[in-house]
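In what follows, a structure is listed as structure tokens, so that the remarks can point back to it.
2 protein chains.
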Amino acid sequence: MKATVTVMLKPGVLDPQGEAVKSALGAMGFDGVEGVRQGKVIELDLAPGTTEAQVTDMCEKLLANTVIESYRVEIA
Amino acid sequence: MKATVTVMLKPGVLDPQGEAVKSALGAMGFDGVEGVRQGKVIELDLAPGTTEAQVTDMCEKLLANTVIESYRVEIA
């Protein structure tokens, strides 16, 4: 069983990594890049029987800083 | 127009971040986590008319280190 957790900074939280990528793309001649947000993706290989609630618990306790980050969980 | 680029280390490339997350989850009592890989996700706001080929070009030139990382592009 696999779960994919995507963690992004919440809207309104300054994202210096994203800003750096945006200006680098502009400097390289890629026009039309209006905004960039960078987050992280965590792929978990889980033992059978692990529930989505447990994955949510992992996100709340370790994977995301819920003060400034939002997350979403996809179970595959 | 939005594009989401997901960049992961290729299989076989050591992933110390993923290993750290795995052992932290184990130490917190989450059993059943058999493997963790951590990557990054980049959300791009693009001007209308930007093509998927241009986004692929951004990945090849800046967003991914194709020696050790693979990427996938989703256009929304």
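One line per chain: the protein sequences are D and E, in this order.
In terms of this note's numbering, the first sequence opens at residue 1 and continues consecutively.
In terms of this note's numbering, the second sequence opens at residue 101 and continues consecutively.
For every residue, glycine included, the Cβ atom is placed at its ideal position computed from N, Cα and C.
This structure is a prediction, so every number in the text was calculated from the model and none was measured.
CA-CA distance, residue i and residue j?
{"i": "E:Glu119", "j": "D:Gln54", "result": "19 Å"}
{"i": "E:Glu152", "j": "D:Val36", "result": "16 Å"}
{"i": "D:Ser70", "j": "E:Val167", "result": "30 Å"}
{"i": "D:Ser23", "j": "E:Gln117", "result": "26 Å"}
{"i": "D:Thr56", "j": "D:Val73", "result": "7 Å"}
{"i": "D:Ala3", "j": "D:Ala76", "result": "6 Å"}
{"i": "E:Cys159", "j": "D:Met58", "result": "30 Å"}
{"i": "E:Met101", "j": "E:Pro148", "result": "6 Å"}
{"i": "D:Ala64", "j": "E:Thr150", "result": "32 Å"}
{"i": "D:Gln38", "j": "D:Val21", "result": "9 Å"}
{"i": "D:Glu34", "j": "E:Glu134", "result": "39 Å"}
Which whole-angstrom value is the C-beta distance of residue i and residue j, which I expect to be below 8 Å?
{"i": "E:Leu125", "j": "D:Leu46", "result": "That pair is no contact at about 10 Å."}
- Is there contact between the stretch 20-34 of chain D and the stretch 102-122 of chain E, where contact requires at least three CB pairs shorter than 8 Å? no
- Touching by the beta-carbon criterion (3+ pairs, under 8 Å), the stretch 36-51 of chain D and the stretch 2-9 of chain D: yes
- Message: Runs of 4 residues minimum, wholly inside the stretch 102-158 of chain E: which ones carry the alpha helix (DSSP H) assignment?
- Response: 116-127, 152-158
- Listed in chain order, which residues of the stretch 101-114 of chain E have Cβ atoms closer than 8 Å to some Cβ of chain D? Thr106, Met108
- Query: What residues in the stretch 132-145 of chain E bring their beta carbon closer than 7 Å to a beta carbon of chain D?
  - Reply: Gly132, Val133, Glu134, Gly135, Val136, Arg137, Gln138, Gly139, Lys140, Val141, Ile142, Glu143, Leu144, Asp145
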